[in-house]
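Here is the structure we will look at, set down as structure tokens.
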Amino acid sequence: MPRVYDLCARIQNGFRSRLQTIAIPETKMNLAICNVLYREGFLSSVTRGNHIGPDAEYTPTTNENIATRRLWLSLKYKDNQPTLSKLSVISKPSKKVTFTVNEMKSIASGRRAKFIKPLQPGEIAVVNTNRGVLELQEAIKKNVGGEVLCRAS
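4 is the number of the first residue of the sequence shown in the working numbering; add one for each residue after it.
This is how it looks when you write it as structure tokens:
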């Protein structure tokens, strides 16, 4: 099963290679994280497809085709520079990092929480909560804590 660090590495390598589109394995977690990155303006589009290319029309994922299903991400550039310069993993399988709402507020306001540095302007954090995968500010507004997956700038 693909992990968050695999997703971060694939996206960051795609931007460093100046690729237009990249394919990543289609999982619910990958789709949720990519939707957060899309809503925050780091990606141009997120499309479902197979290992050959994006689908022209909707194809449901079944047990027969699950091995070939991919998410196709269109990477976004501005003035020939990538919109996403760094995508780093915070919570790893060996060390899960969970934050309460107060700890998330301190990171968002520029103070350190646990061993995590505060967010800089233009930087986001992706959080897995019991209400789904959210951006840090959305999680604070909904007053829910959770596992901090990664940060993007």
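Just so you know, even glycine gets a beta-carbon here, dropped at the ideal spot from N, CA and C.
8 angstroms Cβ cutoff met for residue i and residue j
i	j	result
residue 91	residue 153	yes
residue 151	residue 133	no
residue 74	residue 17	no
residue 122	residue 139	yes
residue 37	residue 76	yes
residue 119	residue 104	no
residue 35	residue 135	yes
residue 43	residue 127	yes
Outcome for residue i when other beta-carbon atoms lying within 10 angstroms are tallied against a minimum of 16
i	result
residue 22	exposed
residue 33	buried
residue 59	exposed
residue 149	buried
residue 72	buried
residue 14	buried
Among the options, nearest to residue i - alpha-carbon criterion
i	options	result
residue 131	122, 28, 141 and 108	141
residue 9	93, 124 and 102	93
residue 89	50, 65, 45 and 63	45
Cα-Cα separation, residue i to residue j
i	j	result
residue 117	residue 107	11 angstroms
residue 84	residue 20	11 angstroms
residue 27	residue 143	29 angstroms
residue 156	residue 30	23 angstroms
residue 95	residue 11	12 angstroms
residue 61	residue 80	27 angstroms
residue 57	residue 39	20 angstroms
residue 53	residue 24	13 angstroms
residue 63	residue 82	37 angstroms
residue 68	residue 41	26 angstroms
First through last residue of the alpha helix (DSSP H) which encompasses residue i
i	result
residue 14	7-19
N-terminal and C-terminal residue of the beta strand (DSSP E) that residue i is part of
i	result
residue 90	90-92
residue 59	Taken as a continuous stretch (DSSP letters only), residue 59 belongs to no beta strand (DSSP E), as it is neither H nor E.
residue 151	149-155
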